[in-house]
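For the record, in the sequence shown the residue sitting at position 20 is 99 according to my numbering, with numbers rising by one throughout.
Working notes for the structure below.
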Amino acid sequence: MSSMFDLTGKVGIITGGGGVLGGAMALGLAQQGVQVVLMGRNQDRLNRKAQKIEEAGGKAIGISGDVLSRNDLQKVKDEVTEAFGSIDILINAAGGNLKGATISPEETFFDLSPGDFERVFRLNLSGTVLPCMIFGEAMKEQGSGSIINISSLTASTPFSRVVGYAAAKAAIDNFTKWLAVEMAMKFGEGIRVNAIAPGVFIGEQNRLLLLNDDQSLTERGQSIIDRTPVKRFGQPEELVSTAVYLCSEASGFVTGTIIPVDGGFLAYAGV
Ligand SMILES: NC(=O)c1ccc[n+]([C@@H]2O[C@H](COP(=O)([O-])OP(=O)(O)OC[C@H]3O[C@@H](n4cnc5c(N)ncnc54)[C@H](O)[C@@H]3O)[C@@H](O)[C@H]2O)c1
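Right, dumping it as structure tokens:
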């Protein structure tokens, strides 16, 4: 790849790195020369992902921790800066949903579990804000760094049912713009903050909503495909090029943006 996109020797933390999308971006960045640090809650899962990345010729380690714990985040920051000297990249891919924050077809808004709503909101929003605070401080000290938050299509036009998740992702878009301005105005142009809004990818959490046991599409899965001009779900590897772009010098004048990688979903009015 041309030097404009070169990431050799950079150090990148990927929260939710044991998951489907975080894991794919971690592998992709490692293949571009990034020393990858996978952060998540399950050390065995992180070790397995890190081993796969190493087998593919990349450099990766896994460090377990909860993105909602300042202590865990601080521990990861200390370990990473001691071992590798810097934190150049942060991808906030830890996130998810809970049943009680989702309205099933038989339910209405009035059946929402306020506790689960708060838990989902907190995981997705605070689980992005706190890593930006702790790891972003290392970037502030270095005067450089690239943060990528993970938004969703549901941030701009809320999907039915997923009320807590949609609200949290909308807040992530707003926070991404806010932090981009804050970093640039107070610490200079070296620290950039952007988001990727993935379209629909089959992951562990949404599989049951999208596919039946026989792998045929559910009604919801079919209606998403109908609204997607390229007529398919995304492949996790298809997020890598956008992540590489946002982490590299090629995007030096790009901050505060939310880039959809969605097969045209957001561009399509449905007619
Ligand atoms: N799959 C999709 O279609 C899709 C679309 C748009 C956005 N997203 C977003 O992309 C991100 C990754 O999604 P995915 O499909 O790979 O899901 P995933 O469940 O495979 O990965 C999420 C990872 O986050 C980890 N995690 C959850 N809570 C955590 C915590 N408190 N601390 C540390 N780690 C924690 C999980 O253990 C898991 O490994 C999420 O933010 C999701 O909302 C996914």
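All C-beta atoms in this analysis are idealised placements derived from N, C-alpha and C, irrespective of residue type, glycine included.
Straight-line gap, Tyr347 to Ala172 (C-alpha atoms, nearest Å): Position 268 of the sequence shown, counted from the first residue, corresponds to residue 347. Position 93 of the sequence shown, counted from the first residue, corresponds to residue 172. Rounded to the nearest angstrom, the two C-alpha atoms are 26 Å apart.
Just to confirm before moving on: does the CB-CB distance between Leu100 and Leu86 stay below 8 Å? Here residue 100 corresponds to residue number 21 of the sequence shown, with the count starting at 1. Here residue 86 corresponds to residue number 7 of the sequence shown, with the count starting at 1. Cβ atoms of Leu100 and Leu86: not closer than 8 Å.
Given the structure, does Gln284 come close to ligand 1, in the sense that its CB is under 7 Å from one of the ligand's heavy atoms? Stepping through the sequence shown from its first residue, residue 284 is reached at position 205. Under cutoff, so the answer is yes.
So, does the segment 210-217 touch the segment 159-178, judging by three or more C-beta pairs under 8 Å? The segment 210-217 vs the segment 159-178: in contact.
Alpha carbon to alpha carbon, what distance is there between Lys248 and Ser231? Position 152 of the sequence shown holds residue 231. Position 169 of the sequence shown holds residue 248. Whole-angstrom Cα-Cα distance: 6 Å.
Let me check one thing: in DSSP terms, what residues is Met118 bridge-paired to? Along the sequence shown, read from residue 1 onward, the residue named residue 118 stands at position 39. The secondary-structure analysis by DSSP pairs Met118 across a beta bridge with Thr94 and Ile142.
Would you kindly report the start and end of the unbroken alpha helix (DSSP H) that includes Ser302? Translated into positions along the sequence shown, residue 302 becomes position 223. Note, Ser302: alpha helix (DSSP H), Glu298 to Asp305.
Counterpart residues of Val272 in DSSP-defined beta bridges: Working through the sequence shown from its first residue, we reach residue 272 at position 193. Answer by DSSP bridge pairing, in chain order: Ile226.
Can Leu325 be considered in contact with ligand 1, in the sense that its beta carbon sits closer than 7 Å to one or more heavy atoms? Translated into positions along the sequence shown, residue 325 becomes position 246. No.
So does Leu117 have its beta carbon nearer than 7 Å to some heavy atom of ligand 1? Here residue 117 corresponds to residue number 38 of the sequence shown, with the count starting at 1. Incorrect: Leu117 has no Cβ contact closer than 7 Å to ligand 1.
Taking the C-alpha atoms as reference points, what is the distance between Ala135 and Gly112? In the sequence shown, counting from the first residue as 1, residue 135 sits at position 56. In the sequence shown, counting from the first residue as 1, residue 112 sits at position 33. Rounded to the nearest angstrom, the two C-alpha atoms are 12 Å apart.
Neighbour-count burial assignment, Asn273, 16 or more Cβ in a 10 Å radius: Walking along the sequence shown from the start, residue 273 turns up at place 194. Asn273 comes out buried.
In chain order, what residues of the same chain have a beta carbon less than 6 Å from the beta carbon of Ile303, not counting five sequence neighbours either side? As a first step, residue 303 must be located in the sequence shown, where it is residue number 224. Once the five neighbours on either side are set aside, the close Cβ partners of Ile303 are Val279.
Roughly how many angstroms separate the alpha carbons of Arg149 and Pro210, rounded to a whole number? Working through the sequence shown from its first residue, we reach residue 149 at position 70. Working through the sequence shown from its first residue, we reach residue 210 at position 131. Roughly 8 Å between the two C-alpha positions.
Close Cβ partners of Leu325 (< 8 Å) along its chain, the five nearest in sequence each way excluded: On the sequence shown, residue 325 is found 246 positions in, with the first residue counted as 1. Closer than 8 Å at Cβ, skipping near neighbours: Ser225, Ile227, Arg271, Asn273, Ile275, Val333 and Ile338.
Do Leu209 and ligand 1 come close, with the Cβ less than 7 Å from some heavy atom? What you label residue 209 is simply residue 130 of the sequence shown in a count that begins at 1. No, ligand 1 has no heavy atom inside 7 Å of this Cβ.
Along the chain, which unbroken stretches of the alpha helix (DSSP H) at least 4 residues long are found entirely within the segment 159-244? The segment 159-244 contains these whole alpha helix (DSSP H) runs: 193-200 and 206-221.
Name, in chain order, the residues that DSSP records as bridge partners for Pro277. Walking along the sequence shown from the start, residue 277 turns up at place 198. According to DSSP, Pro277 bridges with Val340.
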